[in-house]
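Peer 1: Order-wise, the sequence lines are chains A and B. Residues 1 to 198 in the working numbering are what the first sequence lists, from first letter to last. Residues 199 to 531 in the working numbering are what the second sequence lists, from first letter to last.
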Amino acid sequence: MARMKFLCDADRCIECNACVTACKNEHEVPWGINRRRVVTINDGKPGERSISMACMHCTDAPCAAVCPVNCFYTTADAVVLHSKDLCIGCGYCFYACPFGAPQYPKVGNFGSRGKMDKCTYCAGGPEADGSKEEYEKYGANRLAEGKLPLCAEMCSTKSLLAGDGEIIAQIYKERVMKRGYGSGAWGWKTAYRETIES
Amino acid sequence: MASFGRFIRLAFGAWALLLLVTAVPASAQQVNPTASAVKEQQLLQELNRIQGRVSIPDQRSGVLEQPQGREWREFRNVTLRWIGGIAILGMIAAIVIFYLTVGMVRLEAGRSGRTIVRFNGFERFVHWMTASCFIVLAISGLNITFGRPLLLPLIGFEAFSEWSQWAKFAHNYLSFPFTIGVVLIFLMWIGGNIPSKVDIEWAKRGGGLIGHDHPPAYRFNGGQKMIYWIVVIGGGLVAASGYALMFPFYGTGIEGMQMAQIVHSIVAVLFVAAMIGHIYIGTIGMEGAFEAMGSGEVDVNWAREHHSLWLDEQKARTGPNDGQPQPATAAAE
Numbered sequence: 001m002a003r004m005k006f007l008c009d010a011d012r013c014i015e016c017n018a019c020v021t022a023c024k025n026e027h028e029v030p031w032g033i034n035r036r037r038v039v040t041i042n043d044g045k046p047g048e049r050s051i052s053m054a055c056m057h058c059t060d061a062p063c064a065a066v067c068p069v070n071c072f073y074t075t076a077d078a079v080v081l082h083s084k085d086l087c088i089g090c091g092y093c094f095y096a097c098p099f100g101a102p103q104y105p106k107v108g109n110f111g112s113r114g115k116m117d118k119c120t121y122c123a124g125g126p127e128a129d130g131s132k133e134e135y136e137k138y139g140a141n142r143l144a145e146g147k148l149p150l151c152a153e154m155c156s157t158k159s160l161l162a163g164d165g166e167i168i169a170q171i172y173k174e175r176v177m178k179r180g181y182g183s184g185a186w187g188w189k190t191a192y193r194e195t196i197e198s
Numbered sequence: 199m200a201s202f203g204r205f206i207r208l209a210f211g212a213w214a215l216l217l218l219v220t221a222v223p224a225s226a227q228q229v230n231p232t233a234s235a236v237k238e239q240q241l242l243q244e245l246n247r248i249q250g251r252v253s254i255p256d257q258r259s260g261v262l263e264q265p266q267g268r269e270w271r272e273f274r275n276v277t278l279r280w281i282g283g284i285a286i287l288g289m290i291a292a293i294v295i296f297y298l299t300v301g302m303v304r305l306e307a308g309r310s311g312r313t314i315v316r317f318n319g320f321e322r323f324v325h326w327m328t329a330s331c332f333i334v335l336a337i338s339g340l341n342i343t344f345g346r347p348l349l350l351p352l353i354g355f356e357a358f359s360e361w362s363q364w365a366k367f368a369h370n371y372l373s374f375p376f377t378i379g380v381v382l383i384f385l386m387w388i389g390g391n392i393p394s395k396v397d398i399e400w401a402k403r404g405g406g407l408i409g410h411d412h413p414p415a416y417r418f419n420g421g422q423k424m425i426y427w428i429v430v431i432g433g434g435l436v437a438a439s440g441y442a443l444m445f446p447f448y449g450t451g452i453e454g455m456q457m458a459q460i461v462h463s464i465v466a467v468l469f470v471a472a473m474i475g476h477i478y479i480g481t482i483g484m485e486g487a488f489e490a491m492g493s494g495e496v497d498v499n500w501a502r503e504h505h506s507l508w509l510d511e512q513k514a515r516t517g518p519n520d521g522q523p524q525p526a527t528a529a530a531e
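1. Compute the distance between the beta-carbons of A:Gly100 and A:Thr120, then report whether it is under 8 Å.
2. Please state whether DSSP places A:Phe99 in a helix, a strand or coil.
3. With DSSP as the reference, label B:Asp397 as helix, strand or coil.
4. Going along chain B, which residues have a C-beta under 7 Å from A:Arg37?
5. Do A:Asp206 and A:Leu161 have their CB atoms nearer than 8 Å?
6. Where B:Gly282 and A:Cys58 are concerned, what is the direct C-alpha to C-alpha distance, given to the nearest angstrom?
7. What residues are listed by DSSP as bridge partners for B:Phe384?
8. When burial is assigned at 16 or more other CB atoms within 10 Å of the CB, is B:Gly319 buried or exposed?
9. Please identify the residue among A:Trp186, A:Gly182 and A:Gly165 whose C-alpha is closest to the C-alpha of B:Ser234.
10. So, does the CB of A:Ile51 fall closer than 8 Å to a CB anywhere in chain B?
11. Where does B:His505 sit, in a helix, a strand or coil, going by DSSP?
12. Quick check on B:Ala514 - is its C-beta less than 8 Å from some C-beta in chain A?
13. Leaving out five residues on either side along the sequence, give the residues of the same chain with a beta carbon under 7 Å from the beta carbon of A:Ala78.
14. Return yes when the Cβ of B:His325 is within less than 8 Å of the Cβ of B:Ala415, no when it is not.
15. Quick one, which residues of the region 263-289 of chain B are near chain A if we go by CB-CB under 9 Å, in chain order?
16. Please report the Cβ distance between B:Val334 and B:Leu382, rounded to the nearest whole angstrom; I am assuming they are in contact, meaning their Cβ atoms lie under 8 Å.
17. Please report the residue range of the beta strand (DSSP E) in which A:Ile51 lies.
18. For B:Leu471, which residues in the same chain have their Cβ closer than 6 Å to its Cβ, ignoring the five residues on either side in sequence?
19. Mark B:Leu278 as exposed unless 16 or more other C-beta atoms lie within 10 angstroms of its C-beta, in which case mark it buried.
20. Can you tell me the Cα-Cα spacing of A:Gly125 and B:Gln239, whole angstroms?
21. DSSP on B:Phe376, reduced to helix/strand/coil?
22. Does any CB atom of chain A fall closer than 8 Å to the CB of B:Ala235?
23. Below 7 Å between beta carbons is the criterion; list the residues of the region 353-381 of chain B that meet it against any residue of chain A, in chain order.
24. Closer than 8 Å by beta-carbon distance: list the chain A residues that pair up with B:Leu443, in chain order.
25. Determine the direct distance from the alpha carbon of A:Ile41 to that of B:Gly389, and round the result to whole angstroms.
26. What three-state label does DSSP hand B:Phe445 in the structure shown?
27. Let me make sure I understand the geometry here. Which of B:Leu507, B:Gly432, B:Gln257 and B:Pro446 has the alpha-carbon closest to that of B:Pro376?
28. In chain order, what residues of the same chain have a beta carbon less than 6 Å from the beta carbon of B:Thr450, not counting five sequence neighbours either side?
29. With a floor of 4 residues, list each alpha helix (DSSP H) that falls wholly inside the region 303-348 of chain B, ordered by position along the chain.
30. Tell me which residue opens and which closes the beta strand (DSSP E) that A:Lys5 is part of.
31. With distances taken between CB atoms, is the gap from A:Cys97 to A:Met116 smaller than 8 Å?
32. Kindly indicate if chain B contains any beta-carbon less than 8 Å away from that of A:Asn17.
33. What residue range does the alpha helix (DSSP H) around B:Phe296 cover?
34. Quick check on the DSSP output: the beta strand (DSSP E) that includes B:Glu263 runs from which residue to which?
35. I'd like to know if B:Ile452 contacts chain A, where contact means its C-beta is closer than 8 Å to some C-beta of that chain.
36. Taking B:Trp500 as the reference, which of B:Arg417, B:Gly454 and B:Val465 has the closest Cα?
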């Protein structure tokens, strides 16, 4: 099985936010929640870079480790998913996540946290693949249809790569070799404890 | 003059052009688009977090990366469980050993049959409101830390999640009456809980726990004052840190919430350990003690043995009518 990863080539990202929009639309993510966002560092200064970031589907995921009700699970493709039926909205995964991926809809008393929502790598949830229940809770399950996450699929500069870790690392390496520079695979060291030498 | 000006201008232009022609190829060879590019590792080493600008409304999502969640995870999954386990199991073990070796602290003079009011209705109401909230908060809180390894394997995912969901609601809601209780306890008992010289003497004699010693004390002895300050300071800390977690991003970011969780959980497990000791001494640990918070009236002999100076004060205030336990005790002795 593949080990699915995201890789954002920061030297290509033009901060068009198409990935953010695609994600929101594909999964009908509710207002106030963003499973993916584009962060611009050193905005307006020399060396400015933009990075598209969502859940990185970490190796030995911190969210899964700290969850008090153990609602996370890792698929055969190493995608980190969770069950909204089990989630109690305590916020612990959010404290542990290095990438700020978990989001909580403000529901109920004093706008307290509802069931956590995060990037599913377009792989849905524990419900039957492609079912109505799955779509309502987690959004589309593109992976079950043999498609990759939509954010990466429709990236206009092919900055955001999704797929098997080894393949996208290879693509990135070739790019760096050809153009002679690269600012690295952002977040990889934190998420996967490895990086791409370039 | 005009031609000279034109000459100057021409010469200047030619010089500028020369400069440009010689400079451009030199700099073109050195172009490196990443020379000044931000580096992930460098940014992480500087601040331990990477932050930037986002164009979506949620400005908090501008924090790109903050790996310190790893240390927090280590605390939450390992350190806290050790601290909590040692504090709570240690306290229970100490009580069991104490109970088996020393046993209940008896009323040495027996009961006089005469009682004196120790806590009025309002004081008892506040005590029990705070206490009942505390028990629910403690159980639902310990469930977050110890439930996954201890309870989840026994009852399964669905049942444990359902119970934890309700426990979370209870934890959030009951925090309000608990906080009010802590504030009222602080205000209504502060008068009797200022540490004094009597407490030093009391502490030197081990609170009279061992043997048949009864060091003098006013309304609250050294141990009770300790419980008072644990409740006031510990309660204040858990309330403040708890509300920081309950209302995310009102004044704190992620690091703030990680810190708040660390303070909240450490204080809470020590608080639970201290309250187990408090519950023990108030029930099976000491004869005649529970009545103080039960009916509100204690036996005069109990007051004489454990709060002699307070009893003297009460007798002086109420006059001879209530101050007659003297012969009764004499008879008992």
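Backbone N, C-alpha and C fix where the C-beta goes; we use that ideal spot for every residue, glycine too.
Peer 2: For this structure:
1. Counted from its first residue, the first sequence places residue 100 of chain A at position 100. Counted from its first residue, the first sequence places residue 120 of chain A at position 120. No.
2. Counting from 1 along the first sequence, the entry for residue 99 of chain A is found at position 99. Secondary structure at A:Phe99: coil, using DSSP grouped into helix, strand and coil.
3. One-based indexing of the second sequence puts residue 397 of chain B at position 199. The answer is helix: DSSP assigns B:Asp397 an H, G or I state.
4. In the first sequence, counting from the first residue as 1, residue 37 of chain A sits at position 37. Simply Val252, Ile254 and Ser259.
5. Only positions 1 to 198 of chain A appear in this structure, which leaves residue 206 of chain A out of reach.
6. For the purposes of this step, residue 282 of chain B is taken as the residue at position 84 of the second sequence. For the purposes of this step, residue 58 of chain A is taken as the residue at position 58 of the first sequence. If you draw a straight line from the Cα of B:Gly282 to the Cα of A:Cys58, it comes to about 29 Å.
7. Taking the first residue of the second sequence as 1, we reach residue 384 of chain B at position 186. Per the DSSP secondary-structure output, B:Phe384 pairs with nothing in a beta bridge.
8. Along the second sequence, one-based indexing puts residue 319 of chain B at 121. The residue in question, B:Gly319, is exposed, as its Cβ has fewer than 16 Cβ neighbours within 10 Å.
9. Within the second sequence, the letter at position 36 stands for residue 234 of chain B. Nearest C-alpha to B:Ser234: A:Gly182.
10. By 1-based counting over the first sequence, the position of residue 51 of chain A is 51. A:Ile51 counts as touching chain B.
11. Taking the first residue of the second sequence as position 1, residue 505 of chain B is located at position 307. Assigned with DSSP and collapsed to three states, B:His505 falls in coil, not helix or strand.
12. Numbered from 1 along the second sequence, position 316 holds the residue referred to as residue 514 of chain B. Taking Cβ atoms only, chain A never reaches closer than 8 Å to B:Ala514, which makes this a no.
13. Mapped onto the first sequence, residue 78 of chain A falls at position 78. Arg3, Met4 and His57, listed in sequence order.
14. On the second sequence, position 217 is the one that residue 415 of chain B refers to. On the second sequence, position 127 is the one that residue 325 of chain B refers to. No, the Cβ-Cβ distance between B:Ala415 and B:His325 is not below 8 Å.
15. Within the region 263-289 of chain B, Glu263, Gln264, Pro265, Gln266, Gly267, Arg268, Trp270, Arg271, Arg274 and Asn275 place their CB atoms closer than 9 Å to a CB of chain A, listed in sequence order.
16. Counted from its first residue, the second sequence places residue 334 of chain B at position 136. Counted from its first residue, the second sequence places residue 382 of chain B at position 184. Contact flag wrong, Cβ pair sits at about 18 Å.
17. Counting from 1 along the first sequence, the entry for residue 51 of chain A is found at position 51. Counting along the chain, the beta strand (DSSP E) containing A:Ile51 begins and ends at Arg49 to Met53.
18. Residue mapping note: residue 471 of chain B aligns to position 273 of the second sequence, counting from 1. Here residue 471 of chain B turns out to be Ala, not Leu, going by the sequence shown. Excluding the 5 residues flanking it on each side, B:Ala471 has same chain C-beta neighbours closer than 6 Å at Ala285, Ile286 and Met289, in chain order.
19. Within the second sequence, residue 278 of chain B is the residue found at index 80, counting from 1. Buried is the call here.
20. Within the first sequence, residue 125 of chain A is the residue found at index 125, counting from 1. Within the second sequence, residue 239 of chain B is the residue found at index 41, counting from 1. Using only the alpha carbons, I get a separation of about 33 Å.
21. For the purposes of this step, residue 376 of chain B is taken as the residue at position 178 of the second sequence. Shown here, B:Phe376 sits in a helix according to DSSP, grouped into three states.
22. Here the question's residue 235 of chain B lines up with position 37 in the second sequence. Interface residue, yes.
23. Flagged, chain order: Phe355, Phe358, Ser359, Ser362, Gln363, Lys366 and Asn370.
24. In the second sequence, residue 443 of chain B corresponds to position 245, counting from 1. Gly91, listed in chain order.
25. Here the question's residue 389 of chain B lines up with position 191 in the second sequence. Here the question's residue 41 of chain A lines up with position 41 in the first sequence. A straight-line Cα-Cα distance of about 56 Å links B:Gly389 and A:Ile41.
26. As a working mapping, residue 445 of chain B is identified with position 247 in the second sequence. Under the three-state reduction of DSSP output, B:Phe445 falls in the coil class, being neither helix nor strand.
27. Residue mapping note: residue 376 of chain B aligns to position 178 of the second sequence, counting from 1. The residue you asked about is not Pro; residue 376 of chain B is Phe in the sequence shown. For B:Phe376, the closest C-alpha among the options B:Leu507, B:Gly432, B:Gln257 and B:Pro446 is that of B:Gly432.
28. As a position in the second sequence, residue 450 of chain B is number 252, starting the count at 1. The residues are Ala442.
29. Runs of the alpha helix (DSSP H) inside the region 303-348 of chain B: 319-348.
30. Locating residue 5 of chain A in the first sequence gives position 5, where the first residue counts as 1. From DSSP, the beta strand (DSSP E) with A:Lys5 extends over Met4 to Cys8.
31. The residue you call residue 97 of chain A lines up with position 97 of the first sequence. The residue you call residue 116 of chain A lines up with position 116 of the first sequence. With a cutoff of 8 Å on beta-carbon distance, A:Cys97 and A:Met116 are scored as not near each other.
32. Translated into positions along the first sequence, residue 17 of chain A becomes position 17. Chain B has a Cβ within less than 8 Å of the Cβ of A:Asn17.
33. To locate residue 296 of chain B, count along the second sequence from 1; it is residue 98. In the DSSP assignment, B:Phe296 falls within the alpha helix (DSSP H) that extends over Leu278 to Thr299.
34. Stepping through the second sequence from its first residue, residue 263 of chain B is reached at position 65. Annotation for B:Glu263: the continuous beta strand (DSSP E) segment containing it runs Val261 to Glu263.
35. Working through the second sequence from its first residue, we reach residue 452 of chain B at position 254. Chain A contact via Cβ: present.
36. Residue mapping note: residue 500 of chain B aligns to position 302 of the second sequence, counting from 1. Taking only the C-alpha atoms, the option nearest B:Trp500 is B:Arg417.
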